[in-house]
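Student: My questions will all concern the structure given below.
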Amino acid sequence: MRNAFASELASLAERDPRVVLLSGDIGNKLFNDFIKRNPGRFFNCGVA
Numbered sequence: 643m644r645n646a647f648a649s650e651l652a653s654l655a656e657r658d659p660r661v662v663l664l665s666g667d668i669g670n671k672l673f674n675d676f677i678k679r680n681p682g683r684f685f686n687c688g689v690a
C-alpha cells in the first residue's frame, strides 16, 4: 500500500507542478522515486 501511494504521488507530481511532498523524516527509501523526479519539491520537515 505504501509503495502504491509513493508511486502514484510521483506520477501526480509529473502532471501537476503544484504537488509537493512534505516528509516527517520517514527514514527509508520510500520516496526516492519522487525525489529523483522532482528534487525541488521534496521537503523533509523532521519530526520535531
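When we follow the numbering used here, the leftmost residue of the sequence shown carries the number 643, and every step to the right adds one.
Cβ atoms here follow ideal geometry from the backbone N, Cα and C, with glycine treated the same way.
Just so you know, these numbers come straight off a predicted model, no measurement behind them.
1. Please classify PHE685: is it buried, with 16 or more other beta-carbons within 10 angstroms of its beta-carbon, or exposed?
2. Which residues bound the beta strand (DSSP E) around LEU663?
3. Measuring only the C-alpha atoms, how far is LEU672 from SER665?
4. Please confirm whether CYS687 and ASP667 have their CB atoms less than 9 Å apart.
5. Going by DSSP, name the residue or residues bridged to PHE676.
Tutor: In this structure, then:
1. The count along the sequence shown starts at 1 and reaches residue 685 at position 43. PHE685 is exposed by the Cβ-count criterion.
2. In the sequence shown, residue 663 corresponds to position 21, counting from 1. It spans 663–665 - the beta strand (DSSP E) in which LEU663 sits, taken as one unbroken run.
3. Indexing the sequence shown from 1 puts residue 672 at position 30. Indexing the sequence shown from 1 puts residue 665 at position 23. LEU672 and SER665: Cα-Cα distance of roughly 11 Å.
4. What you label residue 687 is simply residue 45 of the sequence shown in a count that begins at 1. What you label residue 667 is simply residue 25 of the sequence shown in a count that begins at 1. Cβ distance < 9 Å, so CYS687 and ASP667 count as in contact.
5. Here residue 676 refers to the residue found at position 34 of the sequence shown. None; PHE676 has no bridge partner.
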